[in-house]
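Using my numbering, read the sequence shown as starting at 74 and increasing by one per residue.
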Amino acid sequence: MGSNDRQDKKGRVVGQLQTLYLLRLVGLIFLFSFAVGCAVTKPSLTETLAEQKPAEEKKTISRLEGGRTGFIITEIPDLSASWHADFNRAVVMVKDDMEIEAIPILEEIVRQSPGVTAPYINLAMAYRHTERFEEAEELLQTALELVPDHPVANNEYGLLLRQTGRFEDAREVYESTLLLFPEYLPVRRNLGILCELYLHDTACAAEQYSFYSQTNPEDGAVALWIADLNLRMGSK
Numbered sequence: 074m075g076s077n078d079r080q081d082k083k084g085r086v087v088g089q090l091q092t093l094y095l096l097r098l099v100g101l102i103f104l105f106s107f108a109v110g111c112a113v114t115k116p117s118l119t120e121t122l123a124e125q126k127p128a129e130e131k132k133t134i135s136r137l138e139g140g141r142t143g144f145i146i147t148e149i150p151d152l153s154a155s156w157h158a159d160f161n162r163a164v165v166m167v168k169d170d171m172e173i174e175a176i177p178i179l180e181e182i183v184r185q186s187p188g189v190t191a192p193y194i195n196l197a198m199a200y201r202h203t204e205r206f207e208e209a210e211e212l213l214q215t216a217l218e219l220v221p222d223h224p225v226a227n228n229e230y231g232l233l234l235r236q237t238g239r240f241e242d243a244r245e246v247y248e249s250t251l252l253l254f255p256e257y258l259p260v261r262r263n264l265g266i267l268c269e270l271y272l273h274d275t276a277c278a279a280e281q282y283s284f285y286s287q288t289n290p291e292d293g294a295v296a297l298w299i300a301d302l303n304l305r306m307g308s309k
């Protein structure tokens with residue numbers, strides 16, 4: 074991956090290498106990776122969610138201990154029998170650039186379990202990839218109401234803000250997230266990209282890339298970005 078790979082057409086420079094993020098559902102712990110009926114008239118997703126206020130449930134974010142980096146998000150959703158299978162299938166579709174197929178599945182999951190953040194975030198990602206920016210933002214705001222300071226939601230929100238030209242807002246989201254979760258590498262990576270390519274703040278970019286590379290030296294692309302950045306900074 075060269076430096077040009079940071080400027081993909083749909084803003085898909087999401088850090089794929091993530092620190093540990095666990096979603097605890099009804100006593101089970103899952104690694105977070107991320108029924109369409111006949112053509113009948115039905116209310117929009119936002120209208121349905123406004124009527125379906127999720128029940129008050131205990132939701133928490135806690136940092137991992139014992140020298141481990143990462144965090145655990147605890148949620149207790151109302152699960153349907155096929156919820157997990159459908160969700161995992163939709164996540165794979167989004168990863169494979171099949172957002173059009175994934176969106177109706179994720180919309181139905183959100184309707185079934187309006188109190189769980191993961192479907193909101195993945196649906197927002199699919200909406201962003203298909204340039205449905207307002208709908209994506211509404212979903213991310215809902216996820217952040219359910220779990221304030223949600224680092225994964227904030228990472229996606231920063232990408233949305235950047236893609237819609239709100240660079241300073243994106244920076245604010247990233248920096249506030251890093252105050253709480255300094256080891257969350259996708260935000261480090263995306264803040265570095267934002268600073269270098271959009272805000273032209275080379276000092277900020279160098280700081281974020283350096284932290285990211287020291288923590289995740291296996292990512293050779295960022296090492297190349299650092300070398301390129303140092304070369305350009307040294308020539309000034």
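Ideal Cβ positions, reconstructed from N, Cα and C, are used throughout, including at glycine. Remember, predicted model here, so these are calculated numbers, not experimental data.
In the same chain as E210, and ignoring 5 residues on each side of it, the C-beta atoms closer than 8 Å to its own belong to A197, Y230 and L233, in chain order. Comparing C-alpha distances from T288 to each of T190, V189, P259 and A175 shows the shortest one belongs to P259.
In the three-state scheme derived from DSSP, where H, G and I count as helix and E and B as strand, I194 is classed as helix. Bounds of the beta strand (DSSP E) holding F144 are G143 to E148. Assignment of S135 by DSSP, reduced to helix, strand and coil, places it in the strand class. Around the beta carbon of H223, 16 or more other beta carbons sit within 10 angstroms, so the residue counts as buried.
Across the set Y193, D170 and A243, the C-alpha of Y193 shows the shortest separation from the C-alpha of E180. Within the same chain, Cβ atoms closer than 6 Å to the Cβ of Y285 are found at L258, R261, R262 and V295, the five residues on either side in sequence being excluded. With contacts defined as CB atoms closer than 8 Å, I134 and V220 qualify as a contacting pair. In chain order, Y271 and L272 place their CB closer than 6 Å to the CB of F240, counting only its own chain and leaving out the 5 sequence neighbours on each side. Here the C-alpha atom of F254 lies approximately 11 Å from the C-alpha atom of I145. The three-state reading of DSSP puts Y230 in helix, counting H, G and I together.
For D159, the enclosing alpha helix (DSSP H) has its first and last residue at W156 to K168. Taking C-beta atoms as the reference points, T190 and A226 count as a pair closer than 8 Å.
The continuous alpha helix (DSSP H) containing V183 extends over residues E172 to Q185.
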